[in-house]
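Undergrad: Using the numbering used here, you'd call the opening residue of the sequence shown number 41 and step up by one each time.
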Amino acid sequence: MRVALVHDYLNQRGGAERVFAHIARAYPDAPVYTALHDPSLTSDFIDPSRVRASWLQRLPAVHQYFRYLAPLYPRVFEGFDLRPFDTIVSSTSAWAKGVVTPPAVTHVCYINTVSRFAFAYDAYVGGLVRRGATAPLAPFARRLVQRLVAWDRRAAERPTAFIANSRNVAQRVKHFYARDAYVLPAPVDLERFTVGAGRGDYALVVSRLLPYKRIDLAIVGCAQAGVPLRIVGTGPAESSLRSAARGTQTTFCGAISDAELNRLMGDARAVIVPGEEDFGLVPLEAAAAGRPAIALGRGGALETILPGVTGEHFFAAEPSALAAILSRFDSARYDARALRAHAEQFSAQRFIERLRAIVDEVHEQTKVRAREG
């Protein structure tokens, strides 16, 4: 097979980029097409020599405002020339599924979520344009997003097959795109974590600082429970979150090294996932470090947390619900060995083997249809 890989953008360090790094390892000779590339942030994920970034890369200071370039991404991905390849493996939360290929080409799309602007406008888009310098854009944003939603539905018809990162996302794909999807859970970078002792008194959030992540809920919930909170991550919601955290025991740690994250996670009383997640990778990373997680009982966290074994769920998206769990939470009752064993079920090697098997299967089906048609 002549394989090319496509990913939305490689200019940040999040769960989607870490998963894509394993997709890239599954196909080490394949070039990588993406809208934007910042090798200073992702060169340890992807060899920069493999990356083919779009013309957007030439815009000044583009990485600072890339989220506001949504109207340009459809044309960017449709413009990639993928004719030299017979197999495309894309990885997307929005855009990469929209690449255009000849009919006989196999396109397998690993989908992290249905585009959030299509099903969660108020939480995702509205949270980015209601305040600050972007507030004047709010009256125009909804009309713009309606056009993007129409494109998104057309783009979802293009892949030969979808692979969802969870049953939760597979259900969304079926509901919003009327497509079936294989299910292949995202992998955990087990080697990044060692089992910690949980000596700290704090709770930990590890997340991009975006409104829909509901880190504000964690700040208030921890304050109500009298539990110190540490937040790892950066993003456009940082200023508003710092304002919300005034007078609380909240520490913003920013972007930190893997070694520091391993230490913070391993010493945490618990890791908190306050918003609805597509898959729920952070609870598995916590388990790899031998620590339990407390997550909103919706979405992917229902698949990656075993209540009473690897963590707990709270079911109302309210600070008081989180505070109630924290007030009675006893981290000592969780067996670190059981937590690590749970995480090991999501190893990178298992992911790569299953991914290649699915892509091979779809590719063979494509060749059969081409011969018959």
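The beta-carbon is built from N, C-alpha and C at its ideal position, and this holds for glycine as well.
Skipping 5 residues on each side, what residues in its chain have a beta carbon closer than 6 Å to that of residue 140?
TA: 118
Undergrad: Around the C-beta of residue 41, are 16 or more other C-beta atoms found within 10 angstroms, so that it is buried, or is it exposed?
TA: exposed
Undergrad: Leaving out five residues before and five after residue 167 in sequence, what residues of the same chain have Cβ atoms less than 8 Å from its Cβ?
TA: Caution applies to residue 167, whose pLDDT of 49 falls short of 50 and renders its modelled position unreliable; the value that the coordinates give is listed next. Within the same chain, residue 167 has close Cβ partners 250, 251, 252, 277.
Undergrad: Just tell me which of 81, 357, 142, 51 has its CA closest to the CA of residue 260.
TA: Closest by alpha carbon: 357.
Undergrad: Among the candidates 213, 275, 95, whose CA atom is the shortest distance from the CA of residue 107?
TA: 275
Undergrad: Of the choices 192, 362, 123, 347, whose alpha-carbon is the least far from that of residue 133?
TA: 192
Undergrad: At the level of alpha carbons, what is the spacing between residue 97 and residue 64?
TA: 21 Å
Undergrad: Alpha carbon to alpha carbon, what distance is there between residue 142 and residue 238?
TA: 53 Å
Undergrad: Is the distance from the Cβ of residue 299 to the Cβ of residue 379 below 9 Å?
TA: no
Undergrad: For residue 386, report the span of its beta strand (DSSP E) as first-last.
TA: Segment: none, residue 386 is in no beta strand (DSSP E) and carries neither H nor E.
Undergrad: Within 8 Å, do at least three Cβ pairs link the stretch 340 to 356 to the stretch 312 to 324?
TA: They touch, by the three-pair rule.
Undergrad: Have a look at 44, 158, 314, 185 and flag the residue whose alpha-carbon is nearest the alpha-carbon of residue 196.
TA: 158
Undergrad: Would you decide whether residue 121 is buried or exposed? Buried here means 16 or more other CB atoms lie within 10 Å of its CB.
TA: Taking every protein chain shown into account, the CB of residue 121 has fewer than 16 other CB atoms within 10 angstroms, so this residue is exposed.
Undergrad: Count the C-beta pairs between the stretch 230 to 248 and the stretch 306 to 314 that are closer than 8 Å, then say yes if the count reaches three, no if not.
TA: By the Cβ rule, the stretch 230 to 248 counts as touching the stretch 306 to 314, because three or more pairs are nearer than 8 Å.
Undergrad: Do you know whose CA, among 279, 370, 269, 247, lies nearest residue 332's CA?
TA: 370
Undergrad: Considering only their Cβ atoms, is the gap separating residue 222 from residue 398 smaller than 9 Å?
TA: yes
Undergrad: Of the residues 396, 410, 403, 285, which one's Cα is nearest the Cα of residue 68?
TA: 396
Undergrad: Tell me the start and end of each unbroken alpha helix (DSSP H) in the stretch 268 to 320 that is at least 4 residues and wholly inside, in chain order.
TA: 278 to 284, 298 to 307
Undergrad: Judging by CA-CA distance, which residue of 268, 146, 128 is the nearest neighbour of residue 408?
TA: Taking only the C-alpha atoms, the option nearest residue 408 is 146.
Undergrad: Can you tell me the Cβ-Cβ gap for residue 273 and residue 247, rounded? I've got them flagged as a contact below 8 Å.
TA: 5 Å
Undergrad: Would you kindly work out how many angstroms separate the C-alpha atoms of residue 256 and residue 294, rounded to a whole number?
TA: 16 Å
Undergrad: State the DSSP-derived secondary structure class of residue 365, mapped to helix, strand or coil.
TA: Helix at residue 365.
Undergrad: For residue 242, which of 392, 303, 187 has the nearest alpha-carbon?
TA: Sorting 392, 303, 187 by C-alpha distance to the C-alpha of residue 242 places 303 at the top.
Undergrad: I believe residue 48 touches residue 160 by the beta-carbon criterion, under 8 Å. Please report the beta-carbon distance rounded to the nearest angstrom.
TA: Between residue 160 and residue 48 the Cβ distance is about 17 Å, and since that is not below 8 Å, they are no contact.
Undergrad: Classify residue 202 as buried or exposed, calling it buried when 16 or more other Cβ atoms lie within 10 Å of its own Cβ.
TA: buried
Undergrad: Looking at residue 91: is its Cβ nearer than 9 Å to the Cβ of residue 100?
TA: no
Undergrad: Do you know whose CA, among 208, 263, 312, lies nearest residue 288's CA?
TA: Comparing Cα positions, the closest option is 263.
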